[in-house]
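Peer 1: Heads up: the sequence shown begins at 1 in this note's numbering, then just goes up one per residue.
Beta carbons: idealized from backbone N, C-alpha and C, even for Gly.
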Amino acid sequence: MRIRGGRLPIGRNPAGASDEGASDEAASGEGTSAEGASAEGTSGEGRSGEGGSGDGGSGDGQAAGGRGSAGTGTLSSPWARGAAALLAGALPALAFPAPGLWWFAYVALVPWLLLIRTAHSPRRAALDGWIGGIGFIIAVHHWLVPSLHVFIVLLAALLGLLWAPWGLLVSRLLGGSPSASRAVAAVVVVPSGWLMIELVRSWEGLGGPWGLLGASQWEVAPALRVASVGGVWLVSLLVLAVNTGAALLVADRAARTTAGVLLVVCALSVAAMWAWAPRPTDTGTVRIAVVQPGVVEGPGSVARRFDRGEELTRSLAGRGVDLVVWGESSIGAGAWERPETARRLAELSRRVGADLLVNVDARQTDGSGRSGIFKSAVLVGPDGPTGDRYDKMRLVPFGEYVPARSLLGWATSVGKAAGEDRLRGDRQVVMTLPDGARGLRIGPLVCFESAFPDMSRRLVRDGAQVIVAQSATSTFQDSWAPAQHASLGALRAAENGRPMVHATLTGISAAYGPRGERVGSPLGTDASAAEVFDLPLARGSTLYGRLGDWPVYGALAALAVLCAVEGLRALRRPAPGPPGPPARTAHGSPGRPGR
Numbered sequence: 001m002r003i004r005g006g007r008l009p010i011g012r013n014p015a016g017a018s019d020e021g022a023s024d025e026a027a028s029g030e031g032t033s034a035e036g037a038s039a040e041g042t043s044g045e046g047r048s049g050e051g052g053s054g055d056g057g058s059g060d061g062q063a064a065g066g067r068g069s070a071g072t073g074t075l076s077s078p079w080a081r082g083a084a085a086l087l088a089g090a091l092p093a094l095a096f097p098a099p100g101l102w103w104f105a106y107v108a109l110v111p112w113l114l115l116i117r118t119a120h121s122p123r124r125a126a127l128d129g130w131i132g133g134i135g136f137i138i139a140v141h142h143w144l145v146p147s148l149h150v151f152i153v154l155l156a157a158l159l160g161l162l163w164a165p166w167g168l169l170v171s172r173l174l175g176g177s178p179s180a181s182r183a184v185a186a187v188v189v190v191p192s193g194w195l196m197i198e199l200v201r202s203w204e205g206l207g208g209p210w211g212l213l214g215a216s217q218w219e220v221a222p223a224l225r226v227a228s229v230g231g232v233w234l235v236s237l238l239v240l241a242v243n244t245g246a247a248l249l250v251a252d253r254a255a256r257t258t259a260g261v262l263l264v265v266c267a268l269s270v271a272a273m274w275a276w277a278p279r280p281t282d283t284g285t286v287r288i289a290v291v292q293p294g295v296v297e298g299p300g301s302v303a304r305r306f307d308r309g310e311e312l313t314r315s316l317a318g319r320g321v322d323l324v325v326w327g328e329s330s331i332g333a334g335a336w337e338r339p340e341t342a343r344r345l346a347e348l349s350r351r352v353g354a355d356l357l358v359n360v361d362a363r364q365t366d367g368s369g370r371s372g373i374f375k376s377a378v379l380v381g382p383d384g385p386t387g388d389r390y391d392k393m394r395l396v397p398f399g400e401y402v403p404a405r406s407l408l409g410w411a412t413s414v415g416k417a418a419g420e421d422r423l424r425g426d427r428q429v430v431m432t433l434p435d436g437a438r439g440l441r442i443g444p445l446v447c448f449e450s451a452f453p454d455m456s457r458r459l460v461r462d463g464a465q466v467i468v469a470q471s472a473t474s475t476f477q478d479s480w481a482p483a484q485h486a487s488l489g490a491l492r493a494a495e496n497g498r499p500m501v502h503a504t505l506t507g508i509s510a511a512y513g514p515r516g517e518r519v520g521s522p523l524g525t526d527a528s529a530a531e532v533f534d535l536p537l538a539r540g541s542t543l544y545g546r547l548g549d550w551p552v553y554g555a556l557a558a559l560a561v562l563c564a565v566e567g568l569r570a571l572r573r574p575a576p577g578p579p580g581p582p583a584r585t586a587h588g589s590p591g592r593p594g595r
């Protein structure tokens, strides 16, 4: 009696079987020979041609798609399996603020990995990856629903496609009973595949690098140390490697020893980075104040918010601050057009004894003569605007411009998409404060630019001693967004060995030292206050500052090696021979088959 399609009954899951237990699969046609001469070899369910490697008797000869007992039971229904994939993909969101279960990140992907490895075909593995990717995008960005409405489902479906190839990769490397070499490859290549997804979706046009898995470790000192070596990219690789090793521990008895050794190697690698990676050297402190007016709504809100910011700034007089930072869009178009505004800001600078870094959201003309709406960080001194200005370069899709507006302009009718596109700046700027602030050099960023590792790194390489991010998340005041945004400052500080200030209109405002450690008390979303932070300055460069995104290139190399190995195996695999004569049966012959 044959088992159709090579699937085993419930309780006989080949994904958890050892190498010695593969005989049952071979008898059922699941582990076909290299020639593909199985009686079921033409069913298209992913036979030996998919996974028939040359790893000897390790079990690698199983098909990429015949690993799970998905034929019966709860997950035999495509709808039930799809729901499980959607939920499994959403689980990692709990590791990010506001839930902040950072430790959960190291096991959050295990259910998703285990689900994919039981896929009965490559097509099912890719589908599990895609659906899980949809769940991940929606869960991490769910706070965008009030702004994008149903449009977020479409975006999630498009971005989720990035995880379809990753599903195939997981199925190929984790399915069946992996040999030691395949387990090692899985712990290297599966994280590398994930990192490629993070790299692609980090493109500004696809929403930027929000929700990178490594960013969930923003308050973990060893992880911040890892970030100083390879940026958030290396932290993501570490988190994925631990998840992959944990999945091997759970799923396959034969691979447990190898998985355990690999997890120990991960721990030792972190310990080595903690001990030997360069550390920034403290060189003193600087006092930077953040002014957070809080939520101001209703008629005349722009003018009333300016008045509240002015009031809070006056309270800083006599406190010896070196710089006062206001949040994003702290000055609207109407106020910036009035000469009185510049006079009031100059008077505040004289009273406090420090320059003000404000943010203007208004129609302006830049240095190249372009006119339009810019979001600009503007430095104001005792004599008014100093001329130092940084125009935001990376804009929020739909929030500040609509990509391909001629095609997607309809998004403005179903959500809060930008009615008019802002203009982009063309270069980053490092501003130098007056001698009264010891010539401090600051590097401004605006809004979600703090999510881009390369922008902070560039500012530090250009001489910035402090990174200053101005933001406004009032639209998402009661969601996870403010906490997620503020947490990014810790990673940027640790990556570059420089302190960072995150100043907002409505919270959360925070400051971090050059090792990513929190400095002072953050201003929450319920606060309307001014806070002074004594930031430690530092000199020296981190390995990430010197070498840049080297983990990305390492991941690309790992994937290239895998492709080369698979290509060589395909070339070495014997070609199927000519079909033999039909077998005689008990009731007939080739010329007269029985019925």
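In its own chain, which residues sit with a C-beta less than 6 Å from the C-beta of Gly56, not counting the 5 before and 5 after it?
Peer 2: Reliability fails at Gly56, whose pLDDT of 38 lies under 50, so the model's placement of it is uncertain and the value that follows must be treated cautiously. There are no such residues.
Peer 1: Identify, in the order they occur along the chain, each residue of the same chain with its Cβ nearer than 7 Å to the Cβ of Val286, setting aside the five sequence neighbours on each side.
Peer 2: Asp322, Leu440, Val466, Leu535 and Leu537
Peer 1: Below 6 Å CB to CB, which residues in the same chain sit around Asp388 once its five sequence neighbours on both sides are set aside?
Peer 2: Leu379 and Met431
Peer 1: Can you tell which of Leu356, Ala486, Val291 and Trp276 has its C-alpha closest to the C-alpha of Pro382?
Peer 2: Leu356
Peer 1: Any idea which residues DSSP pairs Tyr106 with across the strands?
Peer 2: Answer by DSSP bridge pairing: none, since Tyr106 is not bridged.
Peer 1: If you drop the 5 nearest sequence neighbours on each side, which residues of the same chain put their C-beta closer than 7 Å to that of Trp550?
Peer 2: The answer, listed in chain order, is Gly230.
Peer 1: Can you list, in chain order, the residues of its chain with a C-beta nearer than 6 Å to that of Gly245? Leave out the 5 residues immediately preceding and following it.
Peer 2: Val187, Ala259, Leu262 and Leu263
Peer 1: Is Cys447 buried or exposed, if buried means 16 or more other CB atoms sit within 10 Å of its CB?
Peer 2: Flag for Cys447 reads buried.
Peer 1: Is the beta carbon of Gly208 closer than 9 Å to that of Ala658?
Peer 2: There is no way to answer for residue 658, as the model of the chain reaches only from 1 to 595.
Peer 1: Express the C-alpha separation of Leu212 and Asn359 in angstroms, rounding to a whole number.
Peer 2: 27 Å
Peer 1: Report yes if the C-beta distance between Leu505 and Gly205 is below 9 Å; otherwise report no.
Peer 2: no
Peer 1: Which stretch, first to last residue, makes up the alpha helix (DSSP H) that contains Asp421?
Peer 2: Per DSSP, Asp421 belongs to no alpha helix (DSSP H) and is neither H nor E.
Peer 1: Going by Cα to Cα distance, which pick from Glu337, Ala342, Trp276 and Pro434 is closest to Ala354?
Peer 2: When each option's Cα is compared against that of Ala354, the closest is Pro434.
Peer 1: Between which two residues does the beta strand (DSSP E) holding Ile508 run?
Peer 2: For Ile508, no beta strand (DSSP E) encloses it, and the DSSP letter there is neither H nor E.
Peer 1: Just verifying my parser: in three-state terms, what is the DSSP assignment at Asp60?
Peer 2: Any answer about Asp60 is weak, because its pLDDT of 42 lies below 50 and its placement is not dependable; what the coordinates show is given next. In the structure shown, Asp60 sits in coil (DSSP, three-state: anything other than H, G, I, E or B).
Peer 1: Where does Cys447 fall in DSSP's three states?
Peer 2: helix
Peer 1: Give the range of the alpha helix (DSSP H) segment to which Arg253 is assigned.
Peer 2: Taken as a continuous stretch (DSSP letters only), Arg253 belongs to no alpha helix (DSSP H), as it is neither H nor E.
Peer 1: Could you tell me which of Gly82, Gln292 and Leu113 sits nearest to Leu248, measuring between CA atoms?
Peer 2: Leu113
Peer 1: State the Cα-Cα distance for the pair Gly71 and His120, rounded to the nearest angstrom.
Peer 2: Because the pLDDT of Gly71 is 44, which lies under 50, any placement of that residue in the model is unreliable, and the number read from its coordinates should be weighed accordingly. So the alpha carbons of these two residues sit roughly 8 Å apart.
Peer 1: Check each candidate in Trp203, Ala481 and Ala183 and name the one with the smallest Cα separation from Leu395.
Peer 2: Trp203
Peer 1: Which runs of the alpha helix (DSSP H) spanning at least 4 residues fall entirely within the region 278-349, listed in chain order?
Peer 2: 301-314 and 333-337
Peer 1: Assess contact between the region 311-319 and the region 328-336, defined as three or more Cβ pairs (one per stretch) separated by less than 8 Å. Is contact present?
Peer 2: no
Peer 1: Sorted by chain position, which residues of the same chain lie with C-beta nearer than 6 Å to Arg256's C-beta, five sequence neighbours on each side aside?
Peer 2: Leu249.
Peer 1: Should Val150 be labelled buried (16 or more other beta-carbon atoms within 10 Å of its own) or exposed?
Peer 2: With fewer than 16 other beta carbons inside 10 angstroms of its own, Val150 counts as exposed.
Peer 1: Please identify the residue among Ala180, Gly384 and Ser371 whose C-alpha is closest to the C-alpha of Arg424.
Peer 2: Of the residues Ala180, Gly384 and Ser371, the one whose Cα lies closest to the Cα of Arg424 is Ser371.
Peer 1: According to the neighbour-count rule (16 or more other Cβ atoms, all chains shown, within 10 Å of its Cβ), is Ser521 buried or exposed?
Peer 2: exposed
Peer 1: Would you kindly report the start and end of the unbroken alpha helix (DSSP H) that includes Ala157?
Peer 2: Phe151 to Gly160
Peer 1: For the 8 Å Cβ check, are there 3 or more pairs between the region 89-99 and the region 480-487?
Peer 2: Short answer: they touch.
Peer 1: Looking at Leu237: is its Cβ nearer than 9 Å to the Cβ of Ala555?
Peer 2: yes
Peer 1: Start and end of the alpha helix (DSSP H) containing Leu543?
Peer 2: Leu543 to Leu547
Peer 1: Could you compute how far the alpha carbon of Asp454 sits from the alpha carbon of Ser77?
Peer 2: 44 Å
Peer 1: Does the beta-carbon of Asp128 have 16 or more other beta-carbons within 10 angstroms, so that it is buried, or is it exposed?
Peer 2: buried
Peer 1: Any idea if Glu495 is buried or exposed, counting beta-carbon neighbours within 10 angstroms, 16 or more meaning buried?
Peer 2: buried
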